[in-house]
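Asks: Encoded as structure tokens, here's the structure I'll be asking about.
2 protein chains.
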Amino acid sequence: MDDGIDRRRGAGVALWRQIQQVLEREIADGAVKPGERLPTEFELAERFQVNRHTVRRALAEMEEKGLLRVEQGRGTFVHEHVIDYAVGKRTRFASNLMKVGREAGHEFVRAEAGEADGSVAEALSLRRGAPVIVLETVGMADARRISFSTQYLPADRFPGFDIAFRETQSITQSLARYGVADYTRRWTRVVARMPTAAEADILHQPRNRPVLVTEALDVDHDGRPVNLGVTRFASDWVQLVIE
Amino acid sequence: MDDGIDRRRGAGVALWRQIQQVLEREIADGAVKPGERLPTEFELAERFQVNRHTVRRALAEMEEKGLLRVEQGRGTFVHEHVIDYAVGKRTRFASNLMKVGREAGHEFVRAEAGEADGSVAEALSLRRGAPVIVLETVGMADARRISFSTQYLPADRFPGFDIAFRETQSITQSLARYGVADYTRRWTRVVARMPTAAEADILHQPRNRPVLVTEALDVDHDGRPVNLGVTRFASDWVQLVIE
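These protein sequence lines map, in sequence, to chains A and B. Residues in the first sequence are numbered from 722 upward in steps of one, following this note's numbering. Residues in the second sequence are numbered from 722 upward in steps of one, following this note's numbering.
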């Protein structure tokens, strides 16, 4: 079988690396497409006439580079392209996704009355313990869960905001009902960390893949804080783009 | 012993959660300071008169929230504050760290001649295979390694750039030698992923903590690309701040 793999010992490039190169070329050429399942390790070992350990090494390297995605119990898939999520002065979930050709959606998780703890109070310029509305939603791109957000809004200024949000499914449209025609992003902080069990569960992602977490403050045209949002993005699906 | 812990079964708030609250209050109050080592699980179990499993649950929850940091074989420490790393039009490593009261440094890893692959060529507006200078450096805050960067510069425009960089230890000062008095950031992309073995090793971080990876393009005042940089930040130490 001539598949371009040099099986001689000491042939310069390690076998697993050659196999990796062949598979990466097939992905680059479109022979295997994003979202497609790869053959099993057993099948690949047969194809390249090597043992499964060698195949596994090649796949592990490709997974590390983000080219493959392992779904427990389902197999190994060629990774789809990540979604570019624009972060800037005018960050909006729905229009961000529309720009990259995805359909935006929300799943409502819960809305409740709460009290501002230290960091929420500081960001929203409220006293500690002031009433806030806490909204939790899952952000969808097409049918995939890509983010999980907790939003804090001052309850005194936006009484019944949770009801408005349930009706409109949109922070922007809900704020408009209270006379906030526009808002801009004052700052965004970005960290990477491992997800909690609950976050991994909500995002339908494995616990051994990190989340990209943004904490962001939106202000109205007078500079008054209207919304503090903490969003965990599934790192397999989203990259932030700052322009 | 009255330590405010309610040990009755079914007492509303789980024991481990109460212990977590006590420990978090001690950190918030400054009774235990950032960088300090916590007592061992055994000592904490003694103190709270509970079993080690209960203590472990409380500590795991605090580690998950980023309040604690476990160093293998050394113990559990109160996490120091992360470094705010500003990302914007004028992102500069040294001045970024100076702003947050840290001393910036670099460790030179390697410099070599290379060829632009697909993504490097596209970002730098070069043809594929065009000569580039590849610089690898470790970024230091005080004495701690916080980042690992690979920079790509067009070799035809900046011949000998690696030598200039070795002398100046600064991209900004090196570019100035070629008449590039100033440069600005055109875009930054941010992803989170697990580190490769080599990255974890260079950053002196465990492999089970993610890295925050930025890919960024700097352009001169004519808008010509001068530098493509890929930087992996140790996520335990750095948060990006976008203003």
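The beta carbon of each residue, even a glycine, is placed where N, CA and C say it ideally should be.
1. Comparing the CB of residue 892(B) with every heavy atom of the ligand HEM, is any distance shorter than 7 Å?
2. Could you list the residues in the region 747-775 of chain A with a C-beta less than 7 Å from some C-beta on chain B, going in chain order?
3. Here's a check: name, in chain order, each residue in its chain whose Cβ is nearer than 6 Å to the Cβ of residue 673(A), leaving out the five neighbours to either side.
4. Check each candidate in 883(B), 915(B), 939(B) and name the one with the smallest Cα separation from residue 909(B).
5. Please name the residue or residues paired with residue 804(B) in a DSSP beta bridge.
6. So if DSSP puts residue 861(A) in a beta bridge, which residue, or which two residues, is it bridged to?
7. Assign residue 948(A) to one of two classes, buried (16 or more other C-beta atoms within 10 Å of its C-beta) or exposed (fewer than that).
8. Is it a yes or a no for the region 764-781 of chain B touching the region 859-876 of chain A, going by three-plus beta-carbon pairs under 8 Å?
9. Closer than 8 Å, CB to CB, is residue 938(B) near chain A or not?
10. Residue 787(A) versus chain B: which residues are under 7 Å apart at the beta carbon?
11. Give me the chain B residues within the contact set of residue 960(A), using Cβ-Cβ distance strictly less than 8 Å, ordered along the chain.
12. Would you mind working out which of 750(B), 902(B), 895(B), 748(B) sits nearest residue 884(B), comparing C-alpha positions?
13. Look at the Cβ atom of residue 911(B), then the Cβ atom of residue 933(A), and state whether they are nearer than 8 Å.
14. For residue 845(B), list the residues DSSP reports as bridge partners.
15. Nearest CA to the CA of residue 889(A): which residue from 907(A), 935(A), 828(A)?
16. Between residue 905(A) and chain B, is the shortest Cβ-Cβ distance under 8 Å, so that the two count as touching?
17. Contact criterion: CB-CB distance below 8 Å. Does residue 927(B) meet it with respect to chain A?
18. For the pair the region 920-932 of chain B and the region 836-845 of chain B, tell me if three or more CB-CB distances fall below 8 Å.
19. Using a cut-off of 7 Å between C-beta atoms, extract the partners of residue 917(B) located in chain A.
20. So with Cβ pairs under 8 Å, would you call residue 956(B) a contact of chain A?
21. Determine whether the beta carbon atoms of residue 837(B) and residue 854(B) lie at a separation below 8 Å.
22. For residue 964(A), return the contacting residues in chain B, with the cut-off set at a CB-CB distance below 7 Å.
23. What's the C-alpha gap between residue 751(A) and residue 801(A)?
24. Alpha carbon to alpha carbon, what distance is there between residue 815(A) and residue 958(B)?
25. Is DSSP giving residue 722(B) helix, strand or coil here?
26. Under the assumption that residue 753(B) contacts residue 766(B) (Cβ atoms under 8 Å), give the Cβ distance between them as a whole number of angstroms.
27. Identify, in the order they occur along the chain, each residue of the same chain with its Cβ nearer than 6 Å to the Cβ of residue 725(B), setting aside the five sequence neighbours on each side.
28. By Cβ distance below 7 Å, which residues in the same chain neighbour residue 810(A) in space, the five residues on each side in sequence not counted?
29. What do you get for residue 880(B), buried or exposed, if any count of 16 or more other CB atoms within 10 angstroms of its CB means buried?
30. What first and last residue would you give for the alpha helix (DSSP H) that runs through residue 811(A)?
31. What number of angstroms, rounded off, separates the C-alpha of residue 806(A) from the C-alpha of residue 728(A)?
32. Roughly how many angstroms lie between the CA atoms of residue 901(A) and residue 878(B), to the nearest whole one?
33. Give, in chain order, every unbroken run of the alpha helix (DSSP H) that is at least 4 residues long and sits entirely within the region 881-918 of chain A.
34. Using DSSP bridges, identify the partner residues of residue 950(A).
35. Secondary structure at residue 758(A), three-state DSSP: helix, strand or coil?
36. State the DSSP-derived secondary structure class of residue 728(A), mapped to helix, strand or coil.
Replies: Answer, in terms of the structure:
1. The ligand HEM is not part of this structure, which contains no ligands at all.
2. When C-beta distances to chain B are compared with 7 Å, every residue of the region 747-775 of chain A stays at or above that value.
3. The structure shown does not extend to residue 673(A), since chain A is modelled only from 722 through 964, so no value can be given for it.
4. The option with the nearest alpha carbon to residue 909(B) is 939(B).
5. Partner(s): 959(B).
6. The partner list for residue 861(A) (beta bridge, DSSP) reads 826(A), 866(A).
7. It counts as buried.
8. Between the region 764-781 of chain B and the region 859-876 of chain A there are fewer than three inter-stretch CB-CB distances shorter than 8 Å, so the stretches are not counted as touching.
9. Chain A, which has no Cβ nearer than 8 Å to the Cβ of residue 938(B), makes this no.
10. Chain B residues near residue 787(A): 914.
11. Ordered by position in chain B, the residues that pass the 8 Å Cβ test against residue 960(A) are 910, 911, 912.
12. The alpha carbon of residue 884(B) has as its nearest neighbour, out of 750(B), 902(B), 895(B), 748(B), the alpha carbon of 895(B).
13. Yes, the Cβ-Cβ distance between residue 911(B) and residue 933(A) is below 8 Å.
14. Beta-bridge pairing links residue 845(B) to no other residue.
15. Taking only the C-alpha atoms, the option nearest residue 889(A) is 828(A).
16. The beta-carbon of residue 905(A) is placed no less than 8 Å from the nearest beta-carbon of chain B.
17. Chain A contact via Cβ: absent.
18. Contact between the region 920-932 of chain B and the region 836-845 of chain B is not established, with fewer than three Cβ pairs separated by less than 8 Å.
19. Going along chain A in sequence order, the residues near residue 917(B) (Cβ under 7 Å) are 785.
20. At least one chain A Cβ lies under 8 Å of residue 956(B).
21. No, the Cβ-Cβ distance between residue 837(B) and residue 854(B) is not below 8 Å.
22. The CB of residue 964(A) comes closer than 7 Å to the CB of 908 in chain B, given here in chain order.
23. Cα-Cα distance, rounded: 12 Å.
24. Each residue's alpha carbon lies about 32 Å from the other.
25. Unreliable placement is indicated for residue 722(B), whose pLDDT of 48 sits below 50; no coordinate value is reported for it.
26. Contact between residue 753(B) and residue 766(B) is absent: CB atoms are separated by about 17 Å, not below the 8 Å threshold.
27. So the list is empty, once near-sequence residues are dropped.
28. Contacts found: 905, 906.
29. Its Cβ having fewer than 16 others within 10 Å, residue 880(B) is exposed.
30. Unbroken run through residue 811(A): none, as it is neither H nor E.
31. Between residue 806(A) and residue 728(A), the C-alpha separation is close to 44 Å.
32. Using only the alpha carbons, I get a separation of about 50 Å.
33. DSSP runs (the alpha helix (DSSP H)) wholly in the region 881-918 of chain A: 882-889, 892-898.
34. DSSP links residue 950(A) through a beta bridge to 872(A), 937(A).
35. In the structure shown, the three-state DSSP call for residue 758(A) is strand.
36. Looking at residue 728(A) - three-state DSSP - the assignment turns out to be coil, as it is neither helix nor strand.
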